[in-house]
Amino acid sequence: MKDGTKEDYELLEKLEKPYLALTPDRVLDELRRQGETTLEGYRITRLQHGLQSATRAENDGADLDWIVGALLHDVGDGLAPQNHDRFSAEVIRPFVRWEVAWVVEHHGIFQMLYYGHHYGWDRNARDRFKDHPCFQSCADFCERWDQSSFDPDYPMKPLEHFEPMVREVFARKAYDPAVIREGEVVGLP
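Each residue of the sequence shown is one higher than the one before, counting from 908 in the numbering used here.
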């Protein structure tokens, strides 16, 4: 890489554009794969969990970033089950508000409130973030859209409903300061 010229890197940038443009297709394909099997012990697929979370967010009047964040908050589960929250956040981070990426990144530790004690873990481990500006957003996300979205009878919207939203978010310029709005907290509706 150190021997590359400016022209070499301009060519690479040009050649990478079509690949980058296919990012939403790869994300949607991963969601579809998550719908192929039910995880042991669960009554729904990971896709259905994401669809339920996104449907709840949309029904609550959430904006585009929250809806797509809810849909994709577990997208990393297939490749990184032990740190899926951080993996999922990295997928969306360049394209959504800072607050949404932070919530997705930390939802795993916040979810422990509901089950950690059953494993002998500290169910209040999230409290180490109690002074973070996104603490309440993450607590609300988990309570309203994540922990409640394992219901096989919940009337969720299909992936096709959310596909245009995913495409819109991933069509944004990566790391656009006008989108990221670092440090700004909107909260859930």
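Each residue gets a CB set at the ideal place from its N, CA and C atoms; glycine is no exception.
Sequence-distant partners of residue 953 (beyond 5 residues in either direction) whose C-beta falls short of 7 Å from its own C-beta, in its chain, are 941, 946, 981, 984. Collapsing the DSSP output to three states places residue 945 in a strand.
The three-state secondary structure of residue 952, taken from DSSP, is strand. Nearest Cα to residue 1066 within the set 955, 909, 971: 955. With respect to the 8 Å criterion, residue 973 and residue 1007 are classified as neighbours on the basis of their beta carbons. Residue range 971-979 is occupied by the alpha helix (DSSP H) that includes residue 976. Pairing residue 957 with residue 929 gives a Cβ-Cβ distance that is not under 8 Å. A direct Cα-Cα distance of roughly 7 Å separates residue 964 from residue 977.
Fewer than three pairs of CB atoms, one per stretch, sit closer than 8 Å, so the region 919-934 makes no contact with the region 1033-1053. Boundaries of the alpha helix (DSSP H) harbouring residue 1019: 1005-1022, taken from the DSSP string. Out of 991, 967, 1061, 1051, the CA that lies nearest to the CA of residue 951 is found in 1061. Residue environment for residue 962: buried (at least 16 other C-beta atoms within 10 angstroms of its C-beta).
For residue 1069, the enclosing alpha helix (DSSP H) starts and ends at 1066-1077. For residue 991, the uninterrupted alpha helix (DSSP H) run begins and ends at 991-999, by DSSP.
Closest option to residue 1059, judged by alpha-carbon separation, among 922, 944, 949, 1039: 949.
Distance from residue 1046 to residue 1017 at the Cβ level is roughly 6 Å; contact confirmed, criterion being Cβ atoms closer than 8 Å.
In the structure shown, residue 1091 adopts coil according to DSSP, grouped into three states.
The beta carbon of residue 1094 sits closer than 6 Å to the beta carbons of 1044 from its chain, once the five residues preceding and following it are set aside; these are given in chain order.
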